[in-house]
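Colleague: Numbering of the sequence shown is given in UniProt numbering, commencing with residue 1 and proceeding in unit increments. Take this structure first; my questions come after.
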Amino acid sequence: MDRVIAAQVYNRICELGSLSAAARALGISRPMVSRYLEQMEKWAGTRLVNRSTRKLTLTAAGEKVLLKTRNAVPAVAGN
């Protein structure tokens, strides 16, 4: 799984606050967004978000990863 794409998906999840909203914005399926998030958590070695039926919140580790991916993804993606 491509780390840059996974980081872009993660950033969108954090920006929009839900997996479903990120899926719609990115034009990919909700299960695919979930897989990218699971892969990010696997690479980080910890849970990055707390999921509930009402809202998604970042863990402390998730906040740190978000700071890194926000800065790194535009540079790698050439934006």
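Beta carbons are placed, not taken as given, at the ideal position from N, Cα and C, and that holds for glycine. If you're wondering where the values come from, they're calculated on a predicted model, not measured in any experiment.
Run the CB neighbour count on A7, radius 10 Å, all protein chains shown included, and call it buried at 16 or more, exposed below.
Modeller: A7 is buried by the Cβ-count criterion.
Colleague: If you draw a straight line from the alpha carbon of G17 to that of V33, how long is it in whole angstroms?
Modeller: G17 and V33: Cα-Cα distance of roughly 13 Å.
Colleague: Considering just the uninterrupted stretch of the alpha helix (DSSP H) at R12, what are its terminal residues?
Modeller: Counting along the chain, the alpha helix (DSSP H) containing R12 begins and ends at 3-16.
Colleague: Using the C-alpha atoms, what's the distance from E63 back to E15?
Modeller: Computed Cα separation, rounded: 12 Å.
Colleague: Using the Cα positions of L58 and R12, report the straight-line distance between them to the nearest angstrom.
Modeller: Straight-line Cα distance between these residues: approximately 13 Å.
Colleague: T69 by DSSP, collapsed to three states: which one?
Modeller: In this structure, T69 counts as helix in the three-state DSSP scheme.
Colleague: How many whole angstroms separate the CB atoms of R30 and L19, which I take to be in contact at a CB cut-off of 8 Å?
Modeller: Indeed, because the Cβ distance is near 6 Å, the residues count as touching under 8 Å.
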